[in-house]
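Structure first, commentary second.
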Amino acid sequence: MARDFRDVIESLREAGELKVISRPVDIRYIGTLVEESDTALLFENVAGYDMPVVAGLLGSQRRVGISFGCDYTEIHARLEYGLSNPIPSVRTDSAPGRQIAYQLGDDVDLFSLPVPLFAALDGGPMITAGVIIARDDKSGLNAGAYRLMIREKNLTCIDIVTPNDLRRIAERNTAEGKSTPISINIGTNPAVTWATAYRPPPHIDELEIAGGMMDEPVRLSPCETIDVPCIADSEIIMEGEILPTGWTKPEGRFGEFHRSMGALHWNPHVKINAIYTRKNPIYWAFHMPWEVICMYGPIQEASLRRSLKEANINVSAVNITPGGSCYFHAIVSIEARVGDGKLALMAALASDDFKHIVVVDDDIDVFNPLEVERAIASRVQADKDVMIISGVRAKPLDPSLELVTGRMPTTAKMGIDATIPRDLPKERFDKVAYAFEDEVDAQAYLGDTEGNVDTPDEVAITALADRLCEQLLNGDPMYYSEILKQEWSAGNSAVNRALASLHERDLMWQDELGRVCHKNSPQAAVPPTSKLTNRA
Ligand SMILES: Cc1cc2nc3c(=O)[nH]c(=O)nc-3n(C[C@H](O)[C@H](O)[C@H](O)COP(=O)(O)O)c2cc1C
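If you're matching positions, the sequence shown starts at 413 in our numbering and goes up one per residue.
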């Protein structure tokens, strides 16, 4: 696993996933350039600023995997491992991120940092990659990532409209008229950003999870102006405090992770007391929305799997779909026992901010939308299999919520149980598969080669019909394709004619599964009692 932010940049560069732009670039173009690029971008020369900008590091699943030093699909397991094997952070007094006292006290000037505009309708420059540490008097340190909109040279807003832990801490302090000291750490190891964006059970230190993920502790250093530590290996460290002004002023809007513009938010202010940096720091402009979407896939998967495990569900595969911004939607396939479809939905919907979940059997490929839709179309009866729960804790950023001033909104959640109904005959759900698909050498036939041509011979057909008649009377019923296979050397046409002769003699029938049998065999299907009965 990459050890620090510089290692991440280097490994992306080596993999051809990072382009370096050396010519001067206007900071106002950065958002669009990153959006249009198929690699991460390092802007070495941002006109008018003395710091390079890197963006799009986590902008695709491949880049996310490289940043982590593993395959994208393995990251959720790494997160679960960190959760089960946390490593306490350690203290160091030699922090690379504090080598340079960049701006202190009245000299703090956030406008000197190369903070680009992202979406055209954003309300101002947003610091997006900050991992923020605060102290909770009751449970110790709390870490999370929140955007900060720059308002004045030493003043930002902080977006804590959602009911997260930092909001709870700031609300408590604000009620007592106290500010909330925070360190803002930009350009850390992705494991730290990951763990801090993850919502563990209460009282679990996110930084210890990051330590578990990296198999080594996060290094924390004391700050100068506040009694909260910072992450020693950051590129840029800010010391500040959320002022006890409360949620009294509007800020935003912001192009959100759900790919729509966020509404105007009412958020508190943060005063920045000091900025420290590494030598030659690099500013990470965490590019919205794709960097956050790509990184949230494994976070949501880890959270969902934890919930399903608690409910004792046998999970086969999970797809946290990018269409749902890797946040609101999941398709889960399970090895279902009776009632597991609904139980899995309850567990999955209880997990984090998932809004819509589809549960399918493990014969469905959760990464194939056509297959998932086939399951929904052919295995679901909406009155029995769609579960809707109202009044659940919401992600307030969801634009579809009804907002009432002064009240936290709640959301509705929906689950679709697209597993095969246990009380219906299983054969109704047999998937269409092509006969002999494992045997035919398609390539040989799709060229100019002519296939075998049967030359049926009446005597041979009669002999074949008699043999099949005998076999079907005394043996098991057979699928038509099984008969074709058994009588391969006779040829396709000969088999068809032999079966036709049985049918003409009124000896041929079919069993419940549609297999060919003798009319007088015990397996022959019984005709429906009423003409109106459609026994499929
Ligand atoms: C890059 C990034 C930016 C984020 N920005 C915000 C934000 O501005 N506001 C917010 O409420 N959550 C934001 N999140 C999600 C929170 O970090 C996440 O919900 C976290 O678990 C909150 O931690 P807490 O409950 O310990 O406070 C962001 C996540 C990432 C990865």
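The beta-carbon is built from N, C-alpha and C at its ideal position, and this holds for glycine as well.
Residue i vs residue j beta-carbon contact at 8 Å
i: Phe-666; j: Val-704; result: no
i: Met-673; j: Ala-531; result: yes
i: Arg-559; j: Ile-545; result: no
i: Tyr-892; j: Val-928; result: yes
i: Asp-577; j: Asn-554; result: yes
i: Ile-746; j: Pro-693; result: no
i: Met-463; j: Leu-529; result: no
i: Ala-467; j: Val-446; result: yes
i: Ala-830; j: Ile-788; result: yes
i: Leu-655; j: His-615; result: no
i: Val-458; j: Ile-439; result: yes
i: Gly-542; j: Asp-617; result: no
i: Ile-487; j: Ala-427; result: no
i: Lys-825; j: Val-792; result: no
i: Ala-609; j: Ile-499; result: no
Rounded C-alpha distance that separates residue i from residue j
i: Ala-794; j: Phe-766; result: 20 Å
i: Gln-473; j: Ala-729; result: 17 Å
i: Glu-422; j: Trp-659; result: 41 Å
i: Met-626; j: Tyr-688; result: 25 Å
i: Arg-690; j: Gln-511; result: 5 Å
i: Thr-945; j: Lys-754; result: Here Thr-945 scores only 48 on pLDDT, less than 50, and its place in the model is too uncertain to base an answer on.
i: Tyr-846; j: Arg-879; result: 26 Å
i: Arg-947; j: Pro-940; result: Residue placement at Arg-947 is poorly supported in this model, since its pLDDT is 45, which falls under 50; the coordinates still yield a value, given next. Each residue's alpha carbon lies about 7 Å from the other.
i: Ser-506; j: Asp-810; result: 42 Å
i: Ala-429; j: Leu-470; result: The question names Ala, yet the displayed sequence has Glu at residue 429. Rounded to the nearest angstrom, the two C-alpha atoms are 10 Å apart.
i: Gly-509; j: Arg-475; result: 24 Å
i: Pro-833; j: Ala-723; result: 20 Å
i: Ala-697; j: Val-432; result: 15 Å
i: Arg-547; j: Phe-455; result: 35 Å
i: Val-770; j: Arg-611; result: 22 Å
i: Asp-842; j: Leu-676; result: 51 Å
i: Ile-596; j: Glu-492; result: 25 Å
Other residues of its chain near residue i: CB distance less than 7 Å, five sequence neighbours each side excluded
i: Asp-521; result: Gln-515, Lys-565
i: Ile-725; result: Ile-746, Asp-752, Leu-755, Ala-756, Ala-759
i: Gly-494; result: Ala-607, Ile-621, Ala-622, Gly-624, Met-625
i: Leu-813; result: Ala-806, Pro-821, Thr-823
i: Phe-779; result: Asn-731
i: Gln-935; result: Pro-889, Asp-923, Cys-929
i: Asp-534; result: Arg-665, Phe-666, Gly-667
i: Arg-671; result: Pro-701, Ser-737
i: Gly-589; result: Pro-656
Own chain partners of residue i with C-beta closer than 6 Å, once the 5 adjacent residues on each side are dropped
i: Ser-913; result: Ala-877
i: Leu-632; result: Ser-501, Arg-503, Pro-641
i: Arg-418; result: none
i: Gly-709; result: Ile-732, Cys-738
i: Ala-414; result: Note on Ala-414: pLDDT 46, under 50, position unreliable in the model; the coordinate value appears next. Hits under 6 Å: Val-420, Ser-423, Gly-481.
i: Val-798; result: Ile-828
Residue range of the unbroken beta strand (DSSP E) whose run includes residue i
i: Asp-829; result: 822 to 830
i: Asp-593; result: One point to set straight first is that residue 593 is Pro, not Asp, in the sequence displayed. Here the beta strand (DSSP E) through Pro-593 covers 592 to 598.
i: Ala-762; result: Not the beta strand (DSSP E): Ala-762 falls in the alpha helix (DSSP H), residues 752 to 762.
i: Gly-803; result: 798 to 805
i: Arg-631; result: 631 to 633
i: Tyr-695; result: 695 to 697
i: Val-730; result: 727 to 731
Residues that DSSP places opposite residue i in a beta bridge
i: His-681; result: Cys-569
i: Asn-950; result: Residue 950 lies beyond the residue range present for the chain, which begins at 413 and ends at 948; the question has no answer from this structure.
i: Ser-737; result: DSSP, once it has assigned bridges, lists no residue as partnering Ser-737.
i: His-768; result: His-741, Met-826
i: Ala-930; result: Per the sequence presented here, residue 930 reads as His, with Ala not at that position. Note: His-930 sits in a beta bridge opposite Met-920.
i: Thr-689; result: Ile-512, Ile-648
i: Met-538; result: Met-561
i: Lys-838; result: In DSSP, Lys-838 forms no bridge with anything.
i: Arg-503; result: Leu-632
i: Leu-430; result: Ala-452
i: Asp-773; result: Ile-746
i: Glu-618; result: Answer is none; Glu-618 lacks a bridge partner.
i: Ile-654; result: Thr-592, Val-682
Spatial neighbours of residue i in its chain, beta-carbon cut-off 8 Å, leaving aside the 5 residues before and after
i: Trp-678; result: Val-573, Trp-659, Thr-660, Lys-661, Pro-662, Glu-663
i: Leu-716; result: Val-730, Ile-732, Ala-742, Val-744, Ala-760, Ser-763, Asp-764, Phe-766
i: Asn-497; result: Gly-624
Range covered by the alpha helix (DSSP H) that runs through residue i
i: Asn-585; result: 577 to 587
i: Lys-661; result: Here Lys-661 belongs to no alpha helix (DSSP H); instead the beta strand (DSSP E) covers 661 to 663.
i: Phe-417; result: 417 to 426
i: Tyr-461; result: Premise fails: Tyr-461 is in no alpha helix (DSSP H) and is neither H nor E.
i: Trp-606; result: 602 to 609
i: Ser-715; result: 702 to 722
i: His-488; result: 487 to 496
i: Asp-878; result: 870 to 886
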